[in-house]
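Contents: one structure, followed by commentary.
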Amino acid sequence: VPVCCTPTSQERAEIDEVFKLLNEHRQANGVPPLEYDLKLEAAIQGHCQHMAEADFFDHTSPVAELASPWTRAELCGSQANAENIAAGQNSAAKVMTTWKNSSGHNQNMLNAKLKRVGIGMVDNIWGQLFGS
Numbered sequence: 005v006p007v008c009c010t011p012t013s014q015e016r017a018e019i020d021e022v023f024k025l026l027n028e029h030r031q032a033n034g035v036p037p038l039e040y041d042l043k044l045e046a047a048i049q050g051h052c053q054h055m056a057e058a059d060f061f062d063h064t065s066p067v068a069e070l071a072s073p074w075t076r077a078e079l080c081g082s083q084a085n086a087e088n089i090a091a092g093q094n095s096a097a098k099v100m101t102t103w104k105n106s107s108g109h110n111q112n113m114l115n116a117k118l119k120r121v122g123i124g125m126v127d128n129i130w131g132q133l134f135g136s
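Counting in the working numbering, the sequence shown tops out at residue 136, every number present.
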């Protein structure tokens with residue numbers, strides 16, 4: 005089961021674009037930009053990979069030791085406070101639009117108490133893992 009993973013160069017390009025669009029969205033709404041956290045990235049990339057490989061889509065992993073986003077973040081050496089996931093979008097712009105149009109996801113993206121983010125994506129499965 006994947007836990008702390010590194011994106012491929014192709015995935016990295018999409019992740020970098022999501023990060024840019026995310027901070028532009030925060031700036032447009034008067035919220036300070038997020039810092040990028042590679043440990044949170046490793047945790048959410050692992051979760052995206054696990055969802056793709058095990059064919060499930062949920063914040064909670066079916067593997068007990070990896071059940072919560074908070075546990076996965078700790079296993080990768082960080083701490084998390086919120087998670088967004090999405091599936092089916094084939095570009096950074098499309099997944100950001102999906103999250104912006106969902107009040108709960110948008111609330112996470114614009115939460116000024118959240119200071120750090122790691123982003124993951126595998127096969128049109130996307131994730132953002134936020135820390136304070």
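Ideal Cβ placement from N, Cα and C applies to all residues, glycine included.
May I ask you to list the residues that DSSP assigns as paired with R120? Beta-bridge pairing links R120 to E39, G135.
Just to confirm the assignment: which complete alpha helix (DSSP H) runs, minimum length 4, are found wholly within the stretch 15 to 92? Fully enclosed alpha helix (DSSP H) runs of 4 or longer: 42 to 58, 73 to 79.
So which of V99, A47, T101, A58 has the shortest CA-CA distance to A86? Minimum Cα distance to A86 is reached at A47.
If you draw a straight line from the alpha carbon of V35 to that of S65, how long is it in whole angstroms? Their backbone Cα atoms lie some 31 angstroms apart in a straight line.
According to the neighbour-count rule (16 or more other Cβ atoms, all chains shown, within 10 Å of its Cβ), is Q49 buried or exposed? Classified as buried, Q49 has 16 or more neighbouring CB atoms from the shown chains inside 10 Å of its CB.
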